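Trainee:
Numbering (my numbering), first residue to last: 17 to 652.
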């Protein structure tokens, strides 16, 4: 019999104990030891128990070690077992990062021992059958593979252990989430169907439960042969729906329910065939490999693409909270939430698999961030702008409107495509263009330079109908961090109008004082723009500024300025901008309508540590008089 040690016998480890019992009764294996932080009762043998895996392998002489522990412990334990002389069956996912994956691979190479990864779905004969079907051309040209999975999970699932529902624990990456743990087989199986390399990965991560990681998420993987893979999953369905993959060919379609090893093929002639395949147990396959040299079904090197997917999830912005208005919270008699359901999420995952689309592209309402005042949506917020580098990509508010419905922002207008609704934009922060477009060069004028930076959304630390607190990272064109930002945005009612309170704090990350410059500080008089900036619709008519004309308010340091216009359908609107920081106002009206701060109006602004600014904008229907605008400004 093959001596086996099990590391991690609780949780999913109970599944392995059951399998070891089955194989022990057949005389195939002997469970020689258990490595766990807690004693474990085993009713079919009396294994040696120890929290020291290497010592346990050495003492028992185990040929195979099964590792079923938290993800962030995999590399250390796998390397320890290999160096102690044991082959390894490593639960999925194999490692929390490519670096840890490579560390295990190096130990495999150094010891000459085997490491099988526990993606059980890849033990199914359905996988090579579908792979052969694709390669034969029976489905025609394959444009993509879609995956969908929707399960129900109680609130207790996310508190079952210290690492459950966590992205990191005590400073160490854990990367537990719907895509990387319960539905990891979906991505791993889809990748196993192709022999192509990964060129790019997009992720959308959300959570309905009050956890750190994702419970509802999707991703898109683009391969170097042009194939697209999408996976959409959720742990917030009303009931369990078996996960599946669907291969889209121009001559047919194949659907693999990988939990049931069932493959359904729709042929070009309209016929349909369904086959249920056998599945090989991965521990038995590893034993066979050790005894006879049989080919491993899931060797570590074949899971490298999946680890890249996991790494994309690890490095992605923090999962976005799903507002409670989109959930159904089931409670017990004491009023405690025992389960959260997203109505229609199973149908949404199916649409994703069918259309190869992400949740945001399918219009999932909870994929959007919006602001509401008294139940009325007054703005949307874009955290993932798909913009060219020359626009200096950054999150922005758009579709901002009055309570009466008049739209008062514009995004990417023809006159300045890098104007993005309401955002923070600085033309020169430490030599990096965070404004977009051409950079003003002294004695040369506007010039195209490879100096555009990017503001990346990292996390919402607060997200509610009335606003959010956001963490952003400002990076240069080379990816180096320039600044970290905390942005606090709040929408609140103000009589018959509403006010947008927009504050930001930039923290200098360069290690030295950094300058804020503008075109004006480089020689272009009056072009001191940089900071909070609001682009109003260029299509608006009869625009006026207050308390004076453009030439009066541009460069002024009054507490407030206002801009009015008439939109489509004759809808009048007024914006009253208020600040207490004493910056000059940058105002445009005749050329285009826009108002913002001028942090560096006529001289550079030096930032040693932090820079904090706040602008409150009153958004009102109608054309306000100077007195009316001043009255509203006094109220904020």
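Every residue, glycine too, gets a C-beta built ideally from N, C-alpha and C. Just so we're clear, the structure is a prediction, and the values are computed from it rather than from any experiment.
Given a cut-off of 9 Å on the beta-carbon distance, is the pair residue 261 and residue 369 in contact?
Mentor: Going by C-beta atoms, residue 261 is nearer than 9 Å to residue 369.
Trainee: If you follow the alpha helix (DSSP H) that residue 186 is part of, which residue opens it and which one closes it?
Mentor: From DSSP, residue 186 is part of no alpha helix (DSSP H); its letter is neither H nor E.
Trainee: Could you check what DSSP says for residue 416 in three-state terms: helix, strand or coil?
Mentor: Residue 416 falls in the coil class under three-state DSSP.
Trainee: Could you tell me the boundaries of the alpha helix (DSSP H) in which residue 143 lies?
Mentor: Segment 142 to 152, the alpha helix (DSSP H) holding residue 143.
Trainee: Is there a Cβ from chain C that is less than 9 Å from the Cβ of residue 575?
Mentor: Of the protein chains in this structure there is only one, and it is not chain C.
Trainee: Go ahead and label residue 160 buried or exposed: buried means 16 or more other beta carbons lie within 10 angstroms of its beta carbon, across all protein chains shown.
Mentor: Classification for residue 160: buried.
Trainee: With a CB to CB cut of under 8 Å and the five nearest residues on each side skipped, what residues in its chain are close to residue 588?
Mentor: Excluding residues within five positions, the ones whose Cβ falls inside 8 Å are 422, 580, 581, 582, 637, 638 and 639.
Trainee: In three-state DSSP terms, what is residue 640?
Mentor: The answer is coil: DSSP assigns residue 640 none of H, G, I, E or B.
Trainee: Between the stretch 305 to 321 and the stretch 39 to 58, do three or more beta carbon pairs fall short of 8 Å?
Mentor: Touching, no.
Trainee: Using a Cβ-Cβ cutoff of less than 7 Å, which residues in the same chain neighbour residue 642 once the five nearest sequence positions on both sides are dropped?
Mentor: The residues are 562 and 563.
Trainee: Can you tell me which residues form a DSSP beta bridge with residue 589?
Mentor: 581 and 637.
Trainee: Looking at the structure shown, is residue 625 part of a helix, part of a strand, or coil, going by DSSP?
Mentor: In the structure shown, residue 625 sits in coil (DSSP, three-state: anything other than H, G, I, E or B).
Trainee: Thinking C-alpha only, which one of 488, 441 and 373 is nearest residue 238?
Mentor: Closest by alpha carbon: 373.
Trainee: When you compare each of 329, 554 and 136 to residue 247 by their alpha carbons, which one comes out closest?
Mentor: Of the listed residues, the one whose Cα sits closest to residue 247 is 329.
Trainee: Is the stretch 115 to 131 touching the stretch 216 to 226, taking contact as three or more C-beta pairs under 8 Å?
Mentor: Too few Cβ pairs lie closer than 8 Å, so no.
Trainee: Could you tell me whether the Cβ atoms of residue 130 and residue 81 are closer together than 9 Å?
Mentor: Not closer than 9 Å, so no.
Trainee: Whose C-beta lies closer than 7 Å to the C-beta of residue 360 among residues of the same chain, with five residues either side of it excluded?
Mentor: Once the five neighbours on either side are set aside, residue 360 has no close Cβ partner at all.
Trainee: Output yes or no for whether 9 Å exceeds the beta carbon distance between residue 83 and residue 72.
Mentor: No; because the gap between Cβ atoms is not below 9 Å, this pair is not in contact.
Trainee: Mapping DSSP to helix, strand and coil, what is residue 6?
Mentor: It is not possible to answer for residue 6, since the shown part of the chain is limited to 17 through 652.
Trainee: Using 8 Å as the threshold, is the stretch 611 to 618 in touch with the stretch 538 to 545, meaning 3 or more CB pairs across them?
Mentor: Segments in contact, yes.
Trainee: Helix, strand or coil for residue 58, going by three-state DSSP, please let me know.
Mentor: Residue state, collapsed to three classes: coil.
Trainee: Using CA coordinates, which residue listed in 75, 162, 290 and 105 is at the minimum distance from residue 142?
Mentor: Nearest option by C-alpha distance: 290.
Trainee: Counting only the same chain and skipping the five closest in sequence on each side, list residues whose C-beta sits under 8 Å from that of residue 378.
Mentor: Result list for residue 378: 364, 367, 368 and 371, in chain order.
Trainee: Kindly list the residues whose CB is nearer than 8 Å to the CB of residue 551, restricted to its own chain and excluding five residues on each side of it in sequence; keep chain order.
Mentor: The answer, listed in chain order, is 425, 426, 427, 429, 432, 435, 436, 437, 438, 608, 609 and 610.
Trainee: From the DSSP output, in three-state form, read off residue 381 for me.
Mentor: It is helical.
Trainee: Counting C-beta neighbours from all protein chains within 10 Å, is the total for residue 182 16 or more, i.e. buried, or is it exposed?
Mentor: Burial call: buried.
Trainee: Ignoring anything shorter than 4 residues, give me the alpha helix (DSSP H) runs that lie fully in the stretch 36 to 82, in order along the chain.
Mentor: Counting whole runs of 4 or more residues, the stretch 36 to 82 contains the alpha helix (DSSP H) stretches 69 to 76.
Trainee: Out of curiosity, what's the CA-to-CA distance linking residue 556 and residue 613?
Mentor: One C-alpha to the other measures close to 22 Å.
Trainee: Is it the case that the Cβ atoms of residue 570 and residue 602 are separated by a distance below 9 Å?
Mentor: For residue 570 and residue 602, yes; Cβs fall inside 9 Å.
Trainee: What is the DSSP secondary structure of residue 28, counted as helix, strand or coil?
Mentor: DSSP places residue 28 in coil when its eight states are reduced to three.
Trainee: Going by CA-CA distance only, name the one from 229, 245 and 240 that's closest to residue 218.
Mentor: Looking at the Cα atoms, 245 is the closest of the given residues.
Trainee: DSSP three-state label for residue 605, please.
Mentor: In the structure shown, residue 605 sits in coil (DSSP, three-state: anything other than H, G, I, E or B).
Trainee: Confirm, please, whether the CB-CB distance from residue 264 to residue 158 is below 9 Å.
Mentor: Closer than 9 Å, so yes.
Trainee: Taking only runs that begin and end inside the stretch 199 to 262, name each unbroken beta strand (DSSP E) of 3 or more residues, in chain order.
Mentor: The stretch 199 to 262 contains these whole beta strand (DSSP E) runs: 214 to 223, 232 to 239 and 244 to 250.
Trainee: Between the Cα of residue 393 and those of 416, 402, 383 and 29, spot the shortest distance and give me the residue it belongs to.
Mentor: Per the Cα distances, 416.
Trainee: For residue 258, collect the residues of the same chain with a Cβ closer than 7 Å to its Cβ; drop the 5 residues on either side in sequence, then sort them by chain order.
Mentor: So the qualifying residues of the chain are 273, 275 and 276.
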